[in-house]
Amino acid sequence: MPPFSFTIDAECPETWARAGTISTPHGTIRTPIFMPVGTQATVKSVSPEELREAGATIILANTYHLMLRPGSQLIAEFGGLHDFMHWDGPILTDSGGFQVFSLGHLRKLSEEGAAFKSHLDGSAHLLTPEKVMQVEAELGADIILPLDICVAYPCSHEAAREAMERTHRWAERALLAKQHYRPEQALFGIVQGAFEGELRQESARYIGNMPFPGLSIGGLSVGEPKAEMWDILCSVTPELPVNKPRHLLGVGSPEDFVIGVNLGMDMFDCALPTRVARHGGLFTRAGRINIKSARYRAEQGPIEEGCDCYTCRNYSASYVHHLARTEEQLYYRLGSIHNLRYMLRLSSDVRAAILAGTFSAFRDNFLANYIPTSEKVRTDQRKKWQAAHKKWQEGQQRDM
Ligand SMILES: [Zn+2]
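Start counting the sequence shown at 7; every next residue gets the next number (the numbering used here).
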């Protein structure tokens, strides 16, 4: 088993973009890379074989969800996630910190850790930096993340500083605890600091100087306007060590991927491509389309001309439209495969452009053609999700 390593294959002379190679015990990852999200140890509706065919080289799984159900000890009895879910490539597990943060009033933070009540049955749990290392060792992913604190947007300077400093202390505890577990797992550090450039820079230097083989940028894409997220990365990237891979946590729409690479990020994970696919939103060179729209009712060509995904090679847009309108099971699979292949093809196209020294032109061309969902549509969608989430939380509270 090769240990974890990262090498830079090429750097863009005009931007912070770079192409690299990550080695893990379960395989090699060429960066920049999009990582499909498999919250419950499955990328929804897509088999591991289909993920491979779409070009996935690493997937993400959620520690919080898996520790509650089916339980990390059960997964350990199978030798870890790889055997349990039949995916033999690299896996990254997050720390559960973000999900616990999302629980709102269901959790309580202290210096020791995050006490919370399960969203499933109300049972009480305590996540500490040490406990998270134990759980992630049982899950057995190749890359693991330490417990961190993600603050809400917006938040006060005092709250941002307090959360960042505690995240730093927890990072030290995680490094110490990890020594008791699997040496082949690579523990990344997480940079926090909310939306304050100076705090972010301080965090990037602090975490960057610790013996983590890679770094994740956490606490972004939590409801802020995108311009603020990019401003923060402009402050953070110059402070990060050059020779470690950089993971932008929870970000991964097509346009965010290209801009994130431009700002020096190497790894991206996001549930958005599969989530919007399930609702009819499919990616094309010109932007996101809605396959349920009447204009695809009789379209005999594929979703996108030239797309090499399984769906576009075998099915007309008309048929996919029909499946989506009738909410057939097969639609979720075909739509998800198209969007995953889109993101993974975009990853390799971006990498090829960096290697060829043409990334700036690629970026300009991509952004000129790709019409992103407007900020207003995004804000409206987010409000709907937040309202649904609030209802769900209130239901949880009643059940306890
Ligand atoms: Zn396709």
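The C-beta atom is built at its ideal place from N, Cα and C for all residues, glycine as well.
- For N296, the three-state secondary structure derived from DSSP is strand.
- Separation of I150 and V141 (C-alpha to C-alpha, rounded to the nearest whole angstrom) is 10 Å.
- Residues of the same chain with a CB within less than 7 Å of the CB of I265, apart from the 5 flanking positions on each side, are W236 in chain order.
- In this chain, the alpha helix (DSSP H) harbouring P279 covers L278 to R284.
- Taking C-beta atoms as the reference points, T173 and D148 fail to come closer than 7 Å.
- Just measuring C-alpha positions, the residue of L288, C276, L182 and A23 sitting nearest L239 is A23.
- Under DSSP, E17 takes part in a beta bridge, and its partners are R24.
- No heavy atom of ligand 1 is found nearer than 6 Å to the CB of H327.
- Between G199 and C156, the C-beta spacing is not below 7 Å.
- Residue environment analysis places T134 among the buried positions, since at least 16 neighbouring C-beta atoms fall within 10 angstroms of its C-beta.
- Every residue with a CB closer than 7 Å to a heavy atom of ligand 1 is listed here in chain order: P308, I309, E310, C313, C315, T317, C318, H344, R347 and Y348.
- Put simply, the stretch 113-122 does not touch the stretch 76-88. Fewer than three CB pairs are less than 8 Å apart.
- Taking L132 as reference, the option from S101, I213 and E56 with the minimal CA-CA separation is S101.
- Rounded to the nearest whole angstrom, the CA to CA distance from F104 to A304 is 43 Å.
- Selection S11, H285 and R291 evaluated against E334 yields H285 as nearest (Cα-Cα).
- Spatial neighbours of W93 in its own chain (CB-CB distance under 6 Å, excluding positions within 5 residues in sequence) are listed in chain order as P54.
- For R388, the closest C-alpha among the options Y348, L278, I295 and T317 is that of L278.
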